[in-house]
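In what follows, a single structure is set out as structure tokens and then discussed.
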Amino acid sequence: MTFSQSIYSLVGFISNFMSNITTYIKGRGAQINPSNPFHHTVRSAEIKPDPDRMIKTVAIETEAHTIVNKVDSPDIGFNYSINPYQGCEHGCVYCYARNTHTYWGYSCGLDFETKIMVKTNAAALLKKRLEHTDWTASPIMLSGNTDCYQPLERQYEITRSLLHVFMQYRHPVAIVTKNSLILRDLEILKELSRDHLVRVCISINTLNDRVRHKLEPRASSIHTRIKTAQILIENDIPVSVLAAPIIPGLNDTGIFNLVRKLGDIGVQDIKHIVLRLNGGLGLVFENWLDKNYPMRKEKIMNKVKSMHDGYIHDSRFHKRMSGTGQIADIIKDQFDVARKLYLKPAPPVEFNTSLYEKRKNAQLSLF
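Residue numbers (the numbering used here): 261 to 627.
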């Protein structure tokens, strides 16, 4: 490349970079709204932000027909889940749950993090389910899709109301979150933990908070999440960490430091998931790379493809979360070695299902 060609290339890069700055929607992950595949019309995905107006989150209050979902995937360690909210204000640009928002008539892009459905009758539905004679105690996960402690939970307290039901019926529950708001319910969690009825999984995939801020713009900071995990552990609440997703070329270089930091605060179990971009998520993520890491985009996308047999998406059980190929193997090997170096071995935490069964049988004996 000649000197003049280098100059033109640099000018083009600076021009694109400045253009991205002026069109970036601050505080949001997705920067576009891809068309809904269930709609007959195709619209432009681009969004022109108004510098004088913030894009606000809209809470859509709904009454669900059911609340406990059967999980058929062998990749998930639970048979049932509950999603108190559809959509998630955290705005994690990589979130696989974005695709489910299209079922409700919205886009998997910006709509997913700005139009949130709140299931106001969730606690009543859970109570009804646990009172049903055909229900057998089985741990239920909060949440299977979107974060049960996302910002709207502070106002609606749907998750808190569900925990009260679990406590009332002495039924086991697992929680996955990346928000420190969970500490608001610390006393409830402590009571559940005393009877081995709760486990908490905190999602942390990097120690670099600048990367986190771009990837997960409205989630708690990394420092806050680590402190949250530490407080839960100090209160005898079983805590594991989900390092997800690992994105080669972006957050895969800090695996050893991440595991060592978590081991220092007493975390005993860490699992990881690699990035996959099913459905409209590929458009959202590639556009995000254009605006945040344009020089790394091609490298990152090629590495993602290498983990899924040349594709950016993968729906195959047992492979979609771990990936295949050399890069996926290197990531797995790093976690395996880091666990041996920095985590103290501990027996798996077993849920107690007997208390619910005793309570249910006692109730049935009244009739």
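Don't be surprised by glycine CBs; every beta carbon is placed ideally from N, CA and C.
Small disclaimer: the values here were computed from a predicted structure and weren't measured.
Taking the alpha-carbon positions, what's the N465 to N296 distance?
Rounded to whole angstroms, N465 to N296 spans 29 angstroms at the Cα level.
Which value, in whole angstroms, describes the spacing of the CA atoms of S403 and L441?
Those two C-alpha atoms are separated by around 15 angstroms.
Return the residue from the list V425, T513, S453 and L475 that minimises the CA-CA distance to I497.
Answer by Cα proximity: S453.
Any beta strand (DSSP E) of 3 or more consecutive residues that is wholly inside the segment 391–454:
Runs of the beta strand (DSSP E) inside the segment 391–454: 400–402 and 433–437.
Which of the three DSSP states is assigned to M567 in this structure?
Secondary structure at M567: coil, using DSSP grouped into helix, strand and coil.
Same chain, Cβ closer than 6 angstroms to S566, five either side skipped, listed in chain order
Scanning its chain for C-beta atoms nearer than 6 angstroms, with the 5 sequence neighbours on each side dropped, one finds around S566 the residues G585 and I587, in chain order.
Using 10 angstroms around the beta-carbon of D407, count the other beta-carbons present and answer buried if the total reaches 16, otherwise exposed.
In this structure D407 is buried. Its beta-carbon is surrounded by 16 or more other beta-carbon atoms within 10 angstroms.
What is the rounded straight-line gap between the Cα of I525 and the Cα of G365?
The alpha-carbon of I525 is positioned some 43 angstroms away from that of G365.
For H431 and K375, I'd like the C-alpha separation in whole angstroms.
So the alpha carbons of these two residues sit roughly 31 angstroms apart.
Beta carbon of V501, beta carbon of L467: below 7 angstroms?
No, they are not a contact pair.
Selection from E546, G509 and Y553 that minimises the alpha carbon distance to K563:
Between K563 and the set E546, G509 and Y553, the nearest pair of CA atoms involves G509.
Could you tell me if P607 is buried or exposed, where buried requires 16 or more neighbouring beta carbons within 10 angstroms of its beta carbon?
Taking every protein chain shown into account, the CB of P607 has fewer than 16 other CB atoms within 10 angstroms, so this residue is exposed.
Is DSSP giving L492 helix, strand or coil here?
Note: L492 maps to helix in three-state DSSP.
In this structure, does DSSP put S480 in helix, strand or coil?
Assignment of S480 by DSSP, reduced to helix, strand and coil, places it in the coil class.
So, at 6 angstroms on beta carbons, what are the nonlocal neighbours of A640 in its own chain, with the 5 sequence-adjacent residues on each side left out?
One cannot answer for residue 640 here, as it falls past the ends of the chain, which runs 261 to 627.
Touch test, the segment 384–397 against the segment 320–336, Cβ-Cβ under 8 angstroms, three pairs minimum
The segment 384–397 is in contact with the segment 320–336.
Rounded straight-line distance, which links the Cα of P477 to that of L449:
A straight line joining the alpha-carbon of L449 with that of P477 spans about 27 angstroms.
Going by beta-carbon coordinates alone, are H532 and F611 separated by less than 7 angstroms?
The criterion of a C-beta distance shorter than 7 angstroms is not satisfied by H532 and F611.
So what does DSSP say about S614, is it helix, strand or coil?
Three-state result, S614: helix.
Going by other Cβ atoms of all chains shown within 10 Å of its Cβ, with 16 needed for buried, is K438 buried or exposed?
That one is buried.
Does M401 pass the burial test, meaning 16 or more other C-beta atoms within 10 Å, or should it be called exposed?
Residue environment for M401: buried (at least 16 other C-beta atoms within 10 angstroms of its C-beta).
Can you look up R580 in the DSSP assignment and give me helix, strand or coil?
The three-state reading of DSSP puts R580 in coil, since its state is none of H, G, I, E or B.
Below 8 angstroms on the Cβ atoms is my contact criterion, and I expect K379 with P344 to pass it. Report the Cβ-Cβ distance as a whole number of Å.
The Cβ separation is near 6 angstroms, so the contact holds.
For the segment 313–382, list the alpha helix (DSSP H) runs that are entirely contained and at least 4 residues long, ordered along the chain.
You should have 370–374.
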